[in-house]
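Residues in the sequence shown are numbered from 120 upward in steps of one, following the numbering used here.
Think of the CB as a built atom: it goes at the ideal place given N, C-alpha and C, for glycine as much as any other residue.
Keep in mind it's a predicted model, so treat the numbers as computed, not measured.
Below is one structure, written out as structure tokens; the observations come after it.
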Amino acid sequence: MERKRIWLDCDPGLDDAAALFMALGAADRLDLEGVSTVAGNVGIDPVTRNARGLLALAGREDIPLHAGCPRPLMTAPVDAAAVHGTDGIGGVPLPAPTVPPQTLHAVDAIDAFCRRGLTGAKGTLVLTGPMTNAALAIVRAPDMLAGLDRIVFMGGVAFGAGNITPAAEFNFASDPHAAKIVLGSGLPCIMMGLDVTRQAEITPARITALADIGSPVSKSLAAMMTAYQGRVGKPVLHDPCTIAWLLQPDLFTGTDCHVDVDCESSLNLGRCVADPYGATGKPANATVMTGLDAKGFFDLLTDCVGRV
Ligand code: RIB
Ligand code: CA
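Here's what the structure looks like:
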């Protein structure tokens, strides 16, 4: 595969950590030009601290880390500390980072990443948290979008129940206006919603396979997954599905359709409104993934983590 330029905007977050390590392990195929953080699972300070610690653990503090928005565009902040711990990383210790976050705000860094694609190879924006940073970058200067080939995101649930409310998935519910802006960007989106990510259960055997790699990264990730399992019972790896698609798209099956987000309702705030039968007459703006080769996914994840 041709080497891809990517940017990861995330809210680490236990499954965000797995996605980051997966991208770092695929350095021969993915050029991770930067990481930015957004308030989501926990507040902007702990998610930024976690991202710095994860990069330090992987020996990749050379990758620029930019802190982003501390709250959603319009709605009150929500968090997922019950799932990820109040520290956002399940209490798993991370090394002290030696490099401070960049002074450039995440929104500006995302804009710069996209603009580099205007004169060179187009990039891919990968979103695994609330989409606040990306949405602000799009609204402020939409011409940057021509520097991207697509947006790959974890968020929403098209044909099932939510995980933070009956109607909505966490990233969409956290900032529904941002999700609506991203889906309305005009760029093709690859949507890794709960429809497909719920199939990526990291079982005890798969956690053991990670630990058995024996590296500091793999053992820490296994500890994070064990903490995750202790909190939710059935830990599923939502965010790494974005990276897996970039590396091996044939692990997934899906359907192209128009997707929108309910930003008006109270009961359905953040609900993903997918239109697979064309009832709206609107063109498809997303490929909604619904099928996963789970064994192939975990083989790929384990291989990538073993290379960090
Ligand atoms: O609903 C799952 C998503 O919400 C994942 O990105 C997880 O990290 C949380 O942010
Ligand atoms: Ca996340």
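How many angstroms separate the CA atom of ALA319 from the CA atom of ASP358? Translated into positions along the sequence shown, residue 319 becomes position 200. Translated into positions along the sequence shown, residue 358 becomes position 239. When rounded, the distance between both Cα atoms is 10 Å.
Would you report the Cα separation of ASN387 and ASP369, rounded to the nearest angstrom? Counting from one through the sequence shown, the residue named residue 387 turns up at place 268. Counting from one through the sequence shown, the residue named residue 369 turns up at place 250. The alpha-carbon atoms of ASN387 and ASP369 are separated by roughly 33 Å.
Within the 8 Å Cβ cut-off, does PRO131 reach chain D? The structure shown contains no chain D, having only a single protein chain.
Report whether the distance from the Cβ of HIS224 to the nearest heavy atom of ligand 1 is below 7 Å. Stepping through the sequence shown from its first residue, residue 224 is reached at position 105. False, no ligand heavy atom lies under 7 Å from that Cβ.
So what does DSSP say about GLY413, is it helix, strand or coil? Position 294 of the sequence shown, counted from the first residue, corresponds to residue 413. Note on identity: in this sequence residue 413 is Ala, with Gly being the wrong assignment. In the structure shown, ALA413 sits in a helix (DSSP, three-state: H, G or I).
Reduced DSSP secondary structure (H/G/I, E/B, other) of ALA170: Walking along the sequence shown from the start, residue 170 turns up at place 51. Of the three classes helix, strand and coil, the one that applies to ALA170 here is helix, per DSSP.
For LYS401, which of helix, strand or coil comes out of DSSP? On the sequence shown, residue 401 is found 282 positions in, with the first residue counted as 1. Coil at LYS401, not helix or strand.
How long is the line joining the alpha carbons of VAL154 and LYS414, rounded to whole angstroms? The residue you call residue 154 lines up with position 35 of the sequence shown. The residue you call residue 414 lines up with position 295 of the sequence shown. For VAL154 and LYS414, the distance between alpha carbons rounds to 28 Å.
What does the alpha-carbon distance come out to for the pair GLY373 and ASP268? By 1-based counting over the sequence shown, the position of residue 373 is 254. By 1-based counting over the sequence shown, the position of residue 268 is 149. Each residue's Cα considered, the two are about 19 Å apart.
Opening and closing residue of the alpha helix (DSSP H) in which THR316 lies: One-based indexing of the sequence shown puts residue 316 at position 197. If you look at THR316, you'll find it in the alpha helix (DSSP H) that goes 313-316.
Any heavy atom of ligand 2 closer than 7 Å to the beta-carbon of GLY410? Against the sequence shown, residue 410 aligns to sequence position 291. Checking the Cβ of GLY410 against ligand 2 gives no.
PHE272 - DSSP class collapsed to helix/strand/coil: Counting from 1 along the sequence shown, the entry for residue 272 is found at position 153. Strand, per DSSP.
In the structure shown, what three-state DSSP assignment does THR406 receive? Translated into positions along the sequence shown, residue 406 becomes position 287. If DSSP states are grouped into helix, strand and coil, THR406 belongs with the strands.
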